[in-house]
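Those protein sequence lines, which keep their order, are chains R and Y. So the first sequence is numbered by our numbering: it starts at 91 and just counts up by one. So the second sequence is numbered by our numbering: it starts at 4 and just counts up by one. Structure, as structure tokens:
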Amino acid sequence: MERQTAIERLSELLDDDELETSNTSMRIPTALRDAAALAVSELGIAPSATALTTAALRATLEAVVMQAALDDHYERHPQASPDLGDLAIAAAELDGHPLAGQPERLRQAAAEITANHPGASPDDVLLWAEARALPTA
Amino acid sequence: MTHLVVLDCEAIQALRDPGHPKHRPVVSHAQVVASRKRRAVAIQMVVPTAVRVEAGWDRTSPAWVFPNRLRIADSPLDTASANTAAGIRDRTGVSVADSHLGAVIQSAPHSQITIVTSDPGDMRLVAGDKNITLTAI
């Protein structure tokens, strides 16, 4: 199956709200199973361990499909691919971060942090920009 | 904590068209959402269906394949949200699509709500008492 076809099919399956279920014989680490059961019974994080597992699996697959779609889009339209500065600005805007209104400061922070940490994340940039904005003692 | 990201008409149109001047900023927001989903952050992008109509987003059309793959869920105009939207439209005089968007905001149980919009003024108006983050594009 081609990658594009697989992404389409994955998307279709995730959209399918059919209620039919299947038994599986998936083997998972016993400690993980017990942790899930405990989280459900004592912390109430989901109605059941099955619901917890299903939600986690769905979230992971949705993230995979989204990233695959974005990667494919960047390949076709390289100019649409955001750099670290763009992502830091977007992260700040989504969170209503105080530095969201200062995109140039975030771009500067992204440039500085990338020089020493090529794998830095948008959140790293925000933290660095925030630290740089603090008045020195 | 759950985070809802709502897209307005221009954000949707910008997402679809790589030549749109706001394409890269909106893609940046989608990328941040995808990265957070990958880290198991509870975050979801939605589009009110009336906004989808206004933007011309037909999910069966090949022209919309990229937004279709980004796991942006429909928030339907059901009976309850139609009532809320009608009240918003009556009170503020905004468009049907923006009224629906306001209904989505007002009924959202999420702890954090971000609106990606080209019209922050109207969004503030339709949000009522809800605490929202506005991302102006």
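Every residue gets a Cβ at the ideal spot worked out from N, C-alpha and C, and that includes glycine. Model, not experiment: these values are computed from the prediction.
Using the C-alpha atoms, what's the distance from residue j back to residue i?
| i | j | result |
| --- | --- | --- |
| Y/Thr82 | R/Leu196 | 43 Å |
| Y/Gln16 | Y/Arg62 | 13 Å |
| R/Pro119 | R/His163 | 37 Å |
| Y/Leu10 | R/Arg166 | 23 Å |
| R/Ala200 | Y/Ile140 | 20 Å |
| Y/Pro51 | Y/Asp93 | 19 Å |
| R/Ala190 | R/Asp213 | 12 Å |
| R/Asp107 | Y/Leu7 | 21 Å |
| R/Glu202 | R/Ser101 | 38 Å |
| R/Ser211 | Y/Pro112 | 29 Å |
| R/Thr150 | R/Ile135 | 17 Å |
| R/Pro193 | Y/Ala45 | 26 Å |
| R/Ala170 | R/Ser112 | 40 Å |
| Y/Gly22 | R/Thr114 | 46 Å |
| R/Trp218 | R/Leu109 | 47 Å |
| Y/Arg41 | Y/Trp60 | 26 Å |
Between which two residues does the alpha helix (DSSP H) containing residue i stretch?
| i | result |
| --- | --- |
| Y/Ile46 | It is not in any alpha helix (DSSP H) - Y/Ile46 instead sits in the beta strand (DSSP E) that spans Ile46 to Pro51. |
| R/Glu194 | Pro193 to Asn206 |
| Y/Val108 | Per the sequence shown, the amino acid found at residue 108 of chain Y is Ile instead of Val. Its alpha helix (DSSP H) spans residues Val99 to Ser110. |
| Y/His26 | His26 to Arg41 |
| R/Glu220 | Pro212 to Ala223 |
| R/His163 | Ala139 to Arg166 |
| R/Ile97 | Arg93 to Asp105 |
State the beta-bridge partners of residue i as determined by DSSP.
| i | result |
| --- | --- |
| Y/Ser78 | Y/Pro51 |
| Y/Val119 | Y/Leu10 and Y/Thr138 |
Between the Cα of residue i and those of the options, spot the shortest distance and give me the residue it belongs to.
| i | options | result |
| --- | --- | --- |
| R/Met116 | R/Met156, R/Thr143 and R/Thr204 | R/Thr143 |
| Y/Ile118 | Y/Ala89, Y/Pro79, Y/Val44 and Y/Val54 | Y/Val54 |
| R/Asp173 | R/Glu220, R/Thr95 and R/Pro208 | R/Pro208 |
| Y/Pro24 | Y/Glu13, Y/Val8 and Y/Lys40 | Y/Glu13 |
| Y/Gln34 | Y/Glu57, Y/Arg74 and Y/Val97 | Y/Arg74 |
| Y/Glu57 | Y/Ala85, Y/Ser98, Y/Ser38 and Y/Asn134 | Y/Ser98 |
| R/Glu98 | Y/Asp20, Y/Pro65, Y/Ser121 and Y/Gly96 | Y/Pro65 |
| Y/Arg39 | R/Ala153, R/Ser171 and R/Asp105 | R/Ala153 |
| Y/Thr87 | Y/Val107, Y/Gly59 and Y/Leu18 | Y/Val107 |
| R/Ala223 | R/Thr204, R/Gln198 and R/Ala205 | R/Gln198 |
Exercise. Counting Cβ pairs, one atom from each stretch, are 3 or more of them under 8 Å apart for the region 60 to 79 of chain Y and the region 173 to 183 of chain R?
Worked result: As far as the Cβ criterion goes, the region 60 to 79 of chain Y does not touch the region 173 to 183 of chain R, which means the pair count is below three.
For this session: Give a yes or no on contact between the region 124 to 133 of chain Y and the region 25 to 45 of chain Y, applying the rule of three or more CB pairs nearer than 8 Å.
Result: Counting Cβ pairs under 8 Å, fewer than three are found: no touch.
Exercise. Does the count of Cβ pairs from the region 124 to 131 of chain R and the region 101 to 109 of chain Y closer than 8 Å reach three?
Worked result: Not touching, per the Cβ criterion.
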